[in-house]
Ligand SMILES: NC(=O)c1ccc[n+]([C@@H]2O[C@H](COP(=O)([O-])OP(=O)(O)OC[C@H]3O[C@@H](n4cnc5c(N)ncnc54)[C@H](O)[C@@H]3O)[C@@H](O)[C@H]2O)c1
């Protein structure tokens, strides 16, 4: 199989979807790996690193998309890339379709097959290809949130951990999954007063056991959200219903009642965000203010730390990528229900139920099936 790895073109995206070692192993498996020139520079890998690993360096994205049977990338295809997609091409990357009607329709029209990192599950029902980036984003959410709380960034002028004699900030984490755990740990490590909410009681029990004493667990329901959000200096949005749009837990009215200069870091913005006031932003222009509440809603947070993120991502994706290349799409899907769950679109047909439910109008565009099995 010819596997193409393009240079990421989303604004301020420095990750690459394959390390030189990945290229080497795929070549050893008998495949051809083509890498767009300079695709690895943002993560610290030179063209020579890939050439030495046996990959072919391709001058232009056009040629890469034209030749590759399977495209392996990080972020969802951007407008220029969509124009280059070919019917029946397999794309293995993050898509987050439910947050974008436009992207979903465009990919349908291109008749591609979309194997999404974010819905692939392992034998325990976990999301192994979302986890590494969620670990990065969870830690970054506090780093960025702490910065946004500084006065020059339009924040309240509060130091997250306080100092002796001055109390620390209140941090509210909505969703106690991978992002939430990492956010809570870092915030607690800095000395903040942390509350973490989830609707999964077993998860809350686990968190209660594993978190330090300055982290309190609270069941997530509208009254509790309201009570804690108005006291919060920093709110981290980290809920997920896999494949679906994020639930809107913070209303516009609640934002207007939050402290002036408080901060919302809506990490789940890639699935639409959990605040009614959230809209996607970029690393170049990461924040905006609504009702004097600072919003940070960058959809590709791990892109800012490409060296760490590319390694973390590829550590998780490479084994699946090798399987996909060697078994072909159907062989890969047949291997386990978790792999089948990664198939969001097959030759332009929506396969993932959560995506179909997010856009009922697209149901008439093409038929969709409820299981991951291609029929
Ligand atoms: N912006 C970025 O750059 C970036 C990077 C990585 C991950 N993410 C996103 O962050 C989000 C969280 O990812 P994750 O890996 O932590 O997911 P996860 O599945 O590990 O955790 C999600 C948690 O949300 C909880 N939840 C679901 N509905 C809830 C509700 N109504 N109220 C409270 N809790 C609820 C679940 O019980 C679960 O514990 C996802 O949307 C993911 O795509 C964004």
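In full-length UniProt numbering, the protein residues as written are 1 to 375. Built from N, CA and C at the ideal position, the CB exists for glycine as well.
{"query": "Cα-Cα separation between residue 172 and residue 213, rounded to whole angstroms", "result": "15 Å"}
{"query": "Any non-hydrogen atom of ligand 1 within 7 Å of residue 267 CB", "result": "yes"}
{"query": "Run of the beta strand (DSSP E) containing residue 220, from where it starts to where it stops", "result": "Looking at the DSSP string, residue 220 is not in any beta strand (DSSP E), and its letter there is neither H nor E."}
{"query": "Residue 143 Cβ short of 7 Å to ligand 1 heavy atom set", "result": "no"}
{"query": "Beta carbon of residue 16 nearer than 8 Å to that of residue 5", "result": "yes"}
{"query": "Residue of 261, 274, 92, 268 minimising C-alpha distance to residue 252", "result": "274"}
{"query": "Coil, strand or helix - residue 31 by DSSP", "result": "coil"}
{"query": "Inter-stretch contact (C-beta, 8 Å, three-pair minimum) for the region 16-34 and the region 317-325", "result": "yes"}
{"query": "Secondary structure of residue 94, DSSP reduced to three states", "result": "coil"}
{"query": "Span separating the alpha-carbon of residue 80 from that of residue 219", "result": "44 Å"}
{"query": "Beta-ladder partner(s) of residue 198, from DSSP", "result": "219"}
{"query": "CB-CB length for residue 133 against residue 313, believed under 8 Å", "result": "6 Å"}
{"query": "Beta-carbon separation (whole angstroms), residue 145 vs residue 236, contact threshold 8 Å", "result": "7 Å"}
{"query": "Whole alpha helix (DSSP H) elements within the region 108-165, 4-residue minimum", "result": "131-148"}
{"query": "Three CB pairs or more closer than 8 Å across the region 40-47 and the region 327-346", "result": "no"}
{"query": "Any non-hydrogen atom of ligand 1 within 7 Å of residue 226 CB", "result": "no"}
{"query": "Cβ shell of residue 269 (< 6 Å), same chain only, five flanking positions each side left out", "result": "278, 280, 297, 299"}
{"query": "For residue 70: DSSP bridge partner residues", "result": "3, 90"}
{"query": "Euclidean distance between Cα positions of residue 26 and residue 32", "result": "7 Å"}
{"query": "beta-carbon residue 245 near ligand 3 non-hydrogen atom, thresh 7 Å", "result": "As for ligand 3, it is missing from this structure, which binds only ligand 1."}
{"query": "Member of 64, 45, 73, 115 whose CA lies at the smallest distance from the CA of residue 340", "result": "115"}
{"query": "Residues that residue 288 bridges to, as DSSP identifies them", "result": "295"}
{"query": "beta-carbon residue 250 near ligand 1 non-hydrogen atom, thresh 7 Å", "result": "no"}
{"query": "Spatial neighbours of residue 358 in its chain, beta-carbon cut-off 7 Å, leaving aside the 5 residues before and after", "result": "98, 244, 245"}
{"query": "Coarse secondary structure for residue 230, derived from DSSP in three states", "result": "coil"}
{"query": "Local conformation of residue 255 per DSSP, three classes", "result": "helix"}
{"query": "At least three beta-carbon pairs within less than 8 Å, the region 88-98 to the region 67-75", "result": "yes"}
{"query": "beta-carbon residue 220 near ligand 1 non-hydrogen atom, thresh 7 Å", "result": "yes"}
{"query": "Extent of the continuous alpha helix (DSSP H) run through residue 81", "result": "79-84"}
{"query": "Spatial neighbours of residue 307 in its chain, beta-carbon cut-off 6 Å, leaving aside the 5 residues before and after", "result": "43, 44"}
{"query": "Candidates 181, 12, 2, of which the one nearest residue 285 by Cα", "result": "12"}
{"query": "Proximity winner among 264, 209, 216, 100, relative to residue 356 (alpha-carbon distances)", "result": "100"}
{"query": "Contact set for residue 78: own chain, Cβ-Cβ below 6 Å, skip 5 residues either direction", "result": "9, 10"}
{"query": "Residue 323 - DSSP class collapsed to helix/strand/coil", "result": "helix"}
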